[in-house]
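Residue numbers (our numbering): 18 to 103.
Where a beta carbon is used, it is the ideal one built from N, C-alpha and C, also for glycine.
Here is the structure we will look at.
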């Protein structure tokens, strides 16, 4: 998603764009299985006039995300985007 932000002239390097992920693991037939993944993106210092473009990039990034395309059909993946002053 960082490259999609940069294409819209939104700074994504050097700590401006970060992410944290967490997931839920359940036991099925004695085997640990990843069931859900939540990714929280933070965009620091994004100007107000660029935030709508950043939201659009976030809304459409799953279609181009290699991880989502690889495992999105078998693991529930949710993402959020938070703007942080900076």
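For residue 91, the closest of 73, 45, 51 and 62 by C-alpha to C-alpha distance is 51. At the C-beta level, residue 32 and residue 55 stay beyond 8 Å of one another.
For residue 40, no alpha helix (DSSP H) encloses it; the enclosing beta strand (DSSP E) starts and ends at 34–45. When the Cα atoms are used, residue 58 and residue 93 turn out to be separated by approximately 17 Å. Cβ-Cβ distances below 7 Å link residue 43 to 50 and 52 in the same chain, with the five nearest sequence neighbours on each side left out; the list follows chain order.
Around the beta carbon of residue 88, fewer than 16 other beta carbons lie within 10 angstroms, which makes this residue exposed.
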